[in-house]
Structure formats: structure tokens, C-alpha cells
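The block underneath contains the structure these notes are about, expressed in C-alpha cells.
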Amino acid sequence: LVIFKKIYDFLTSRRVSVIVLLIVGGISLVGAAIPQKELPAYYEAHYEAWAVKLFNILGLTNVYRTWYFVGLLSFLLLAILTCTIRRTPAIIRLFANKKPSLAAFERSECRAAIGPAAAYDNITGILKRLPFTWREVGGAWYGRRRAVAVFGEILTHVGLILLFVGGLLRGFGHRDEIHIFDGYGVALPPAYGEGYEIRADSVDEIVDANTGKTLEYRTGVRVFRYGDEVAAGDVEVNGPLRYGGWGLYQSDMNADGARGLMLESVELKKGATVEDYGRAKFSWKIGDGTGELELAPGEEKEMGETGFRLRHLGYLERFTSTEEGFSDGGPEYNPTAFVHVTNPRGDVATGLLFKLHPEQSFIRGTVPDFVDGRFYVLYEEDGGPWRAGRREYLFASGSYLPFAGGRAVMHVAMAEGEGEDLRSRALKGVLTPTGGDPREFEFPFGERVGVEVGGDVYAVRFMGAQVGAVSGLTVARDPGLWFFYVGCLLLSLGVIAALLIRFEELMIYTHDGQTYVAGRSNKGARVTRPWFEEYAAEIEKEIAKRAK
Amino acid sequence: LAAALSVGAAEPDFAARRALVAEARLDGAFGPVAVKADRVMPWSTFVANRYRLFCGNGDPSESDLGTDAGVAIWLAILDGEYRRTGRLLYVEGGNVPGVKSDRWISLREFETDLMPVIIGSPGSFGGGETETAVKELVSRAGVLHRLSWDELLVVPGSPEAGWQPVTERNPARTHIERINQAYAAGDTAEMHRNAASLASALVSQPGYPSAAKLGLEKYLDRFAVLKIGFALYVLSALLFFVWWAVGKRRIADAGAWAALAGFVFMTVGLVGRSIIAGHLPTTGMYEYIVLLSWTAVLFFLLFYVKTRGAFLGVIVMPVAFLLIVVSSLFPSDIETQLIPALQSWWLTIHVVLACLAEGAFAVAFAAAVLRLVRSDKPGGRLPSKERLEDIEYRAVALGYPLFTIGALVAGAIWAQKAWSVWWNWDPKETASLVVFLIATAYLHARRARGWRGTRTAALAILIFVAAVFTLFANLIFGGLHSYGL
């Protein structure tokens, strides 16, 4: 018990608290002076060897996480807690005690005789004029005002405790940077809840045309959960969007455009496999012979009894032709089959067959003598047996992508590859279905890779890079945020009450044939004296006036 | 007109172009038209490409615009609408007494106030056709004879024709393109319609300061209120020193009156600056330090009225004027457009309360220093140590809640809104925390038995020293508070 008493006294000692406060301040200052959490090479480059050694020994490069700093903060928290516990009953008693003992006032340094004992009997009229709440307590008049000020210390201490707790809880929160390209979406990292997707409808840097200065960075976002829109709004600097316990904050922007990676995901119909991707029906007519063929990419079949063969080489859903050749980065839907036709002599003709514009399809080769000038292959159908939906993602490396309507999240990063050319590199994806185990995938440039989520198959393809306006947002979840806000409120009220509001008490009583007034406040005798003397003089003057 | 819109021959035919310009102007199609050395262009293009009218020693031949620069200015000046609403940015005007550089001026002010000062004898244009043209225009404008081109930057008349290069973002481009397309198509009516739209856009200037603001800035500059305030602070400090030496009450009172007068001038200057900028003087080191000086004097005057404590002036007033001296090391430009990060009411709450707190700490600092130098012998200029301690405590007790709420609470809430994290161990944050910790230690030490006296005085001094250190923490250590100077 003696030990406990000593610990209790130690924790509640003002001297100890002063010393600890100053030590914490000193260490904090060291942390401000020495850049924190830099790489060792930084310190070696900027400081003398002996200093670096000292930093390492004392942990000064991450001083706010050192055992001694955390220990001091813990001690401070414990001391505040102990002081609060110790002081609270007395403060509540003081607040509730509307009948204080006369003895306490008789000992006050602020005490004055204001008239003869007889004056006491007629003093009520005078007291009513003073801004105090009066009551008669055992033959004396007791008045007080602004009693709420007594809670200043407790409020301040509780506010600080809540801030400490808020700070501790913050450690259980999360904070991530996400980059969203204009018109595209990314998933929130799973730590913020499953199934969330953030889409950017607009990425704007608002510029004053007069001065060229940036007035605002604004991202118009919509929040989806499992494919349903749950929130929408603008995210601006100083104007976060909050939803679901987390907030989106505008932290960065490149409205002029930055390079993002493009991934295509095509949901296949039930039963289809990624090998079916591009399966198409063709109709043909050679001489008098006609027929239909269904071919998957890479497949070759005889064209009836004609001796001709049709090979389906590849499929481009968004065919476009450029000076550099053709690619799959064209209009939203312009399916094209790349085919070879082999005649009975073994001659091969290459063809591009357009579904939407069959009249522009062509087959290169020795067409005139290929088959008497009467040769048609029509691309009849695509998508029917294999395609259910398609989606593109433009994203920064390291992003989380919403997958399978929010049923899974794909964390995608650029895999190490050879050379700078994207074509020689691949994307690495880690797919985590809701409640499932993560699976790793690699997406080589241009190749379709089958990804299965809950029985549905997706043909995923890394399509290269594309430039788009990109918004950098910080997403943060802080479980201690309300502790912080309430702590701030209490701390603010506490310091105002403790230091700017004066709890004043007056006691008027008779003693040895004299009427006395005594006063006290929560500010000590020197601060109490001026206002006390003012009131004492006023009462005395009034007594004298009435006596006349 | 086609020639006017295209790059001309190597040898400019000024007269022909001038005729074209005049024609275009009379025609009303293009509104104000600017003339460059080898071509005529719509005014918007001229200004949008940021052509600075630079030329060394007033010689237009060295101008970026060539020898025809004057015509551009004068066409703008002579244009009725532009004359009413146009603005010039006055730069490098150090040779013009009473006129401050780097600010917007109206064309009217340019003509009536600046021209008589910066215009001298004719002939400095080097003669020739340009001089003749300019003289003619000058004559028509009814103003004087010479213009020093190195001091003016012509600015556009509307946000659409802003300082940016003509880019896709600039609506002026659309107007110009439409004019060109209409011209190419031979559709005169369409061309005139678009030209009228462009001209209309050029003269609407919501982004520019109002005439009232310009006038206010002009008078603030002309009367140099902040400088007068500074001079009065210096005078006040000197008077308090003299009082310290000779001890006459009248001298102390004169010092206090000088401080009050200086404070009034500084208040006028800061209020005027706030009106012009559209926000309180809470951005940048210059504004913050001047504001800190202002709050220090404010609290000194309050304590002076309350305690008649001239002794505080011996320390607070030198601190106040030294702060202004330090502030002069930083750029004093009025920032009318804050960066997005600073566009928040929390900025005002955070900075103003922190500044008020530090002003109060300055008074506590003065009282604490005086308490330490006060001998135990009675008499002298200083009151008793107890009284000094009382002033010191009151100042800290005033500053502490302001600092806690302003620097820490408001700062943390703002950081949470802007940076998503309310505490980041940023150097300036940390330095503010240190001030709070020292002030907290002071308040506890004061109530610890036997610690009142030298120890608390040292802590009170430390509070203000740490607060001043906090001021510069971002400059020394960088961090999130580094928004520039």
C-alpha cells in the first residue's frame, strides 16, 4: 500500500509532470530537427559518422516510436488519468457544495470588514444588486458565480486523454493513396470494406484564366458497392467525401494526363472458356457450294467438299488500322476476324473479315485464280456463344481493381520484365474473391488469360498504356476520429473554463460585532484581490449609504 | 485583313498595317487590335501570349514587341471600352516616387498618376515612324510625350484572354478560331459576330480587382501606412528606453501614445491589405510576422491600459519593430488568389488565434525578462516581482487557451480535413506542440510548491522563444507547412 501511495503521489506530482512535459518537448524538438524515417543513406550523406551512430543508438531517426518516447507519453497519459481521478471528486464537491464552511472564508487572504454587525440584517437588498447567486448558509450569506469554471481542469484533462486514445486508435486505421483516371474506377483496398469501387466522373484542375493560378483541384466521384451506387459527390482540397467510415481526400492531380495501364476484362457466358474467346461463325460460298463453319481462334476446318480450308487465326473486338498496323484499340465494338484460306493447291490467302462492314472485308492472295473469281467468306456472328460483358480499366500500377461486380478485388502491379517496351512486360495480378483465398495471375502483354470468380470466367488481357487525366486521392479510415473530435471540443472548453473564466465566491458574515466580506476564486489570491476589493468597496459604500 | 492575321514580310510596312488596324477598329470587327513588329493580331492573342513590353532604358527597339510596341498600348488606351475597364500590371516602378511596383493599375490611374511621372521629353523613341505614330496617338490621347516601356506589362481585359498561353482551355481561342474560320469562309457577318463576342469578353473583367480596391491599394501605397506604423513603433521603443533612463512619466505616456498611433497605422494597413486580398493577412511569412507584431502591440496596449506598465514597452516595442524588420526579409506581395490548400476558414481561425496567443506570450516574455532583471531592492522603474509575475501569468493565461484552440485544435481539425490525418509529427506541428508543452509546464510549475520565481520566469521566456522558433520551423526543417514564403 505504501508503494501504491508513493506511485500515486509520483504520478500526481506537479513537479514530476513539469519535468516529463519538458523532456517530451525536448525529444519532440529533436524529432523535428532530424528528418524522420529517411533511408540510412540519407543520414550518411547529410551527417557526420559519429552523429549517424548516435542517431542509431538513440533511435533518433524514428524518435516518436522509440521505447523511451512512447514510455514518456504513456507516463504522461497515466499521470493525467491519475490526476483526473484524484481531482474529480473534490471538484464535483466544490461545484455541488452550495453551503461551504465559513471557516474556509475566514482564512481567505481576501477579507474585509464592511460595516457594523447590524448592517448584516439589512444586507439582502444590497446583495440582490450584485451578479452572484446568493443563499443564506448558517447565519452567513454565500454568493457565487461562474461555478462551471471549476470543471476547466477536468475537461482539459479528459480532452487530452481522449486525444491520446484517438491517437492510439488511429494506429488501427488505414491510409492509402489511390489514383483514379478520368472516366475509370478502382476498388478500395479490402481494409476499407469489401465490394467498394470508386469511379471518377471528372478530374478537373480549375484554373483562373487571368492569372493561370490553380483555384481548385476537384474530382467528381461516385462510390459503388457490389455494383450499386451508394454515394456521389465532389472531392476537393479541404473538402473530403466521407462514406462508410472512411473518407476520400484530394491529395494530388495530373489533369494534363499521365500514363496508365490498360486492362481489359471480358466476362464469358456460362460454360465458355477463355479458349472460346473470339469463337465465330462464318458462312462461305465457293462456286456453287455454300456452308457455315464455327471456329475458335486457332481452329481450322474444311469448307465442305470444296477442298478449301478456313483457319480462324485471331479475333480483334475493337479493330483499328493505323500506320503502324492494326490493333485492338479502336472503336468500342468493331469485331474483326483474322483468317487464312487455303485452296486445294495449297495457296494461302490472308483475310480480315469485318462483322459490321462486310463489304470492306478483304482477302489477300491470288484471288482471281483462287477459285474462279467466286469466293465469299462472311463473318456471321461473334459473341453469341462466349461473351457476356466487357470492361476496361485504366489504372496506376499498384491499384486495386473491382472485379466480378465487386465480388473480388484484383491488386495489379507491373511485373518485372525485359526492356522498357510494355510489350515485353507483363502485369502481375493478385485476385482476392470475397471470403476467398488470394490467387496470383500473370498477364503477358496482349494475351488473354482466364480468371475465374465464383464460377464465372473472365478473359483478362493487358493492353498496354494509355494517357488520361488522373486524380490522386487519399483514402483514410481512422477509428479514433470521434475521440479526436470530442477530445478537441473538451480540450477547448476546458482551457477556456480553466483560464478565461473565473469562479468567484463571496461570503458575508458577522464576527466580533463587525460584518465581514471574504472572497475567493479559482485563480489564487493575487488575481482574486482586485475584483474582491471592488465588490467589498461597493458593498461597504452601499451599507454606509443606507446607514445614513 | 488576311495580311493582318498572318506573319508579314521581313520589312514591316507599318503604315499599311496601321491603316489595316485603323480599318479593323473602325470596322468594329476586332475590337482592340495589337500590333507586333511584323504582324497585326487580335488583342487577345497579343495579351494571351504574355508579351512583356520590356526594353532596356526605355528604348522600344529592345522591346519584345519591337518598335511598334507603343501602338499596342495606345490602341488599348484609346479604345473606349478598354479605357474604362482595362488594367495594367505595373512592374519595376522603383524610379517612380510614391508608386509601388507589382500591382494592378487602371488605365485612368496610369494616365493621370503615372504618366506625368514616367514620361519625359520626346525623342527617346529614337525617332522615325514609330515615334511619329506614337506622338500622334499620344496627342490624340491628350497625354504627354514619352513612355518608359520597361515598366509596364500589358494585361488582357478578361479571364478569357488571360495570362495563359492560348490553349484549349482558354475560351478566347474558340473566339479567335471562329473568327479565322469565318474569315476563311468569307462569312463577314459571322466573323463580325464572333469578333464582337471576343471584344465583349475582353472587356468584362470579373477576375480583376474593383476600382475601390485599386484605389485603396493606391492610397495605402501612397501613404505607406505600414512604414509609418513601423516608424512609430521605433519611436515608441526609443521613448520607452528614454523613460527607462530618466524615469519621467510623460515620456512613458508619449511612448504609449506612439505605440497606439503605430498600432492604428498598422491596423489600417493590415485591414486594407485584407480588403485588397480578400482574406485576412494570414498567408506567407511576411503577413504572419507583421500580424504577430500587431498582436504583440495589441496585448502590450491592453496590459498598459490595465496596469500602466510602461516597463513592458521597453521589451515589447523593440520586439514588435524587430519582427517587422524580419518580415521585410520576406516577399510582401498581396496574394489575392490562394492555393487550394489554403482556401479554408480553418486557415483564418488557425493562424489568427495562434498569432494572438503568441502576441500574449510576447507580453509574458517581457514580464518574465523584467522579473529576472529586477533586483530585490525596492524602488526603481520596475514594479515588484510579484506584480511582474502576475502580469506574466495573466499573459500566459490569455495566450494558452488561444494557442491550444488556434494552433493545436484548429490546426489538427484542418489537417484532418485537408491531409486526412490530424497529427503527422510535421516539424511545424511538433514545434507548436513544444510551445504547448512548455506553456503547460509553466502553468503546472506555477502551482508546484517552491517553483514560482526564477523557474517559472525561465519557462515564460522559453514559451515565447519556442513560439518564435515555431514561426520559422517550416523554413528550417521543411515539412507539410512549407507553402512557400
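Taken in order, these protein sequences are the chains called X and A. To convert, count from 1 in the first sequence and add 88; that's my numbering. To convert, count from 1 in the second sequence and add 7; that's my numbering. No residue lacks a Cβ here, since even glycine has one placed at the ideal position from N, Cα and C. Because the structure is a prediction, the values reported are computed rather than measured.
Short Cβ contact (9 Å threshold) for residue 402 of chain A with residue 442 of chain A:
Cβ distance not < 9 Å, so residue 402 of chain A and residue 442 of chain A don't count as in contact.
According to DSSP, simplified to helix, strand and coil, what is residue 124 of chain X?
Of the three classes helix, strand and coil, the one that applies to residue 124 of chain X here is coil, per DSSP.
Mark residue 461 of chain A as exposed unless 16 or more other C-beta atoms lie within 10 angstroms of its C-beta, in which case mark it buried.
It is exposed - the Cβ of residue 461 of chain A has fewer than 16 other Cβ atoms within 10 Å.
List, in chain order, every chain A residue whose beta-carbon is nearer than 8 Å to that of residue 576 of chain X.
Close to residue 576 of chain X, with beta-carbon spacing below 8 Å, are these residues of chain A in chain order: 416, 419 and 420.
Taking 9 Å as the CB-CB limit, is residue 105 of chain X close to chain A?
Interface annotation, residue 105 of chain X: in contact with chain A, CB-CB separation under 9 Å.
Using a cut-off of 7 Å between C-beta atoms, extract the partners of residue 434 of chain A located in chain X.
Those within 7 Å of residue 434 of chain A in chain X are 120.
Using only the alpha-carbon positions, how far apart do residue 313 of chain X and residue 567 of chain X sit?
Rounded to whole angstroms, the gap between the alpha carbons of residue 313 of chain X and residue 567 of chain X is 21 Å.
Helix, strand or coil for residue 372 of chain X per DSSP?
For residue 372 of chain X, the secondary structure class from DSSP, reduced to helix, strand or coil, is strand.
Pull up the CB-CB distance for residue 227 of chain A and residue 291 of chain A, whole angstroms please, since I reckon it's below 8 Å.
Rounded to whole angstroms, the Cβ separation of residue 227 of chain A and residue 291 of chain A is 17 Å, and the two are not in contact under 8 Å.
With a Cβ-Cβ cutoff of 9 Å, do residue 437 of chain A and residue 162 of chain X count as a contact?
Against a cut-off of 9 Å, the Cβ pair of residue 162 of chain X and residue 437 of chain A comes out as no contact.
Going along the stretch 337-365 of chain A in order, which residues come within less than 8 Å of chain X, judged by CB to CB distance?
Against chain X - using a Cβ distance shorter than 8 Å - the residues of the stretch 337-365 of chain A are 344, 346, 347, 348, 350, 351 and 353.
Is it buried or exposed for residue 335 of chain A, if we count other Cβ within 10 angstroms and need 16 for buried?
With fewer than 16 other Cβ atoms inside 10 Å of its own Cβ, residue 335 of chain A counts as exposed.
Just checking my contact of residue 591 of chain X with residue 609 of chain X at CB under 8 Å: how many whole Å lie between their CB atoms?
About 6 Å separates the beta carbon of residue 591 of chain X from that of residue 609 of chain X, a gap short enough to meet the 8 Å contact definition.
Mind checking which residues open and close the beta strand (DSSP E) that includes residue 431 of chain A?
Taken as a continuous stretch (DSSP letters only), residue 431 of chain A belongs to no beta strand (DSSP E), as it is neither H nor E.
Excluding the 5 residues flanking residue 205 of chain X on each side, which residues of the same chain have their C-beta closer than 7 Å to its C-beta?
Cβ neighbours of residue 205 of chain X within its own chain (closer than 7 Å, five residues either side excluded): 598, 601, 602 and 603.
Under the three-state reduction of DSSP, which class applies to residue 451 of chain A: helix, strand or coil?
Looking at residue 451 of chain A - three-state DSSP - the assignment turns out to be helix.
In the structure shown, what three-state DSSP assignment does residue 197 of chain X receive?
Note: residue 197 of chain X maps to coil in three-state DSSP.
Given a cut-off of 9 Å on the beta-carbon distance, is the pair residue 320 of chain A and residue 243 of chain A in contact?
In this structure, residue 320 of chain A places its C-beta atom within 9 Å of the C-beta atom of residue 243 of chain A.
Would residue 555 of chain X and residue 347 of chain X qualify as a contact pair, given that the criterion is a beta-carbon distance under 9 Å?
Cβ distance < 9 Å, so residue 555 of chain X and residue 347 of chain X count as in contact.
Would you decide whether residue 270 of chain X is buried or exposed? Buried here means 16 or more other CB atoms lie within 10 Å of its CB.
It counts as buried.
Taking only three categories from DSSP, how would you classify residue 597 of chain X?
Three-state result, residue 597 of chain X: strand.
Would you mind reading off the limits of the alpha helix (DSSP H) that contains residue 170 of chain X?
Per DSSP, the continuous alpha helix (DSSP H) segment holding residue 170 of chain X begins and ends at 155-184.
Taking any Cβ of chain A, which residues in the stretch 301-324 of chain X have a Cβ under 8 Å from it, in chain order?
If you check each beta-carbon in the stretch 301-324 of chain X against every beta-carbon of chain A, the ones closer than 8 Å belong to 301, 302, 303, 304, 305 and 324.
Strand pairing of residue 422 of chain X, partner residues [DSSP]
Under the DSSP definition of a beta bridge, residue 422 of chain X partners with X:406.
Just checking: is the beta-carbon of residue 401 of chain A within a distance shorter than 9 Å of some beta-carbon in chain X?
Between residue 401 of chain A and chain X, the shortest Cβ-Cβ separation is below 9 Å.
Taking all protein chains shown into account, do 16 or more other C-beta atoms lie within 10 angstroms of the C-beta of residue 414 of chain A, making it buried, or fewer, making it exposed?
With 16 or more neighbouring CB atoms inside 10 Å of its own CB, residue 414 of chain A falls in the buried class.
Where the stretch 582-594 of chain X meets chain A: residues whose CB sits under 7 Å from a CB there
Hits within the stretch, in order: 583, 584, 587 and 588.
Rounding to the nearest angstrom, what Cα-Cα distance links residue 246 of chain X and residue 382 of chain A in this structure?
C-alpha separation (whole angstroms): 41 Å.
The beta strand (DSSP E) with residue 496 of chain X in it runs from where to where?
Start and end: 496-503.
What does residue 328 of chain X touch in chain A if you count any residue whose Cβ is under 8 Å from its own?
Going along chain A in sequence order, the residues near residue 328 of chain X (Cβ under 8 Å) are 424 and 427.
With a 10 Å radius around its C-beta and 16 neighbouring C-beta atoms as the bar for buried, classify residue 164 of chain A as buried or exposed.
Bear in mind that the predicted position of residue 164 of chain A carries a pLDDT of just 31, short of 50, making it unreliable; the figure below should be weighed with that in mind. The residue is buried, with at least 16 neighbouring Cβ atoms inside 10 Å.
Please report the residue range of the alpha helix (DSSP H) in which residue 364 of chain A lies.
Unbroken alpha helix (DSSP H) run through residue 364 of chain A: 352-380.
Can you have a look at residue 270 of chain A and say buried or exposed, based on whether 16 or more other CB atoms are within 10 angstroms of its CB?
Looking at its Cβ environment, which holds 16 or more other Cβ atoms inside 10 Å, residue 270 of chain A is buried.
Quick check: the stretch 537-545 of chain X against the stretch 346-366 of chain X, are there 3 or more CB pairs under 8 Å?
The answer is yes - the stretch 346-366 of chain X touches the stretch 537-545 of chain X, with three or more Cβ pairs under 8 Å.
Thinking C-beta only, is residue 419 of chain A closer than 9 Å to residue 432 of chain A?
No. Outside cutoff.
How is the alpha helix (DSSP H) around residue 397 of chain A delimited, first residue to last?
In the DSSP assignment, residue 397 of chain A falls within the alpha helix (DSSP H) that extends over 392-410.
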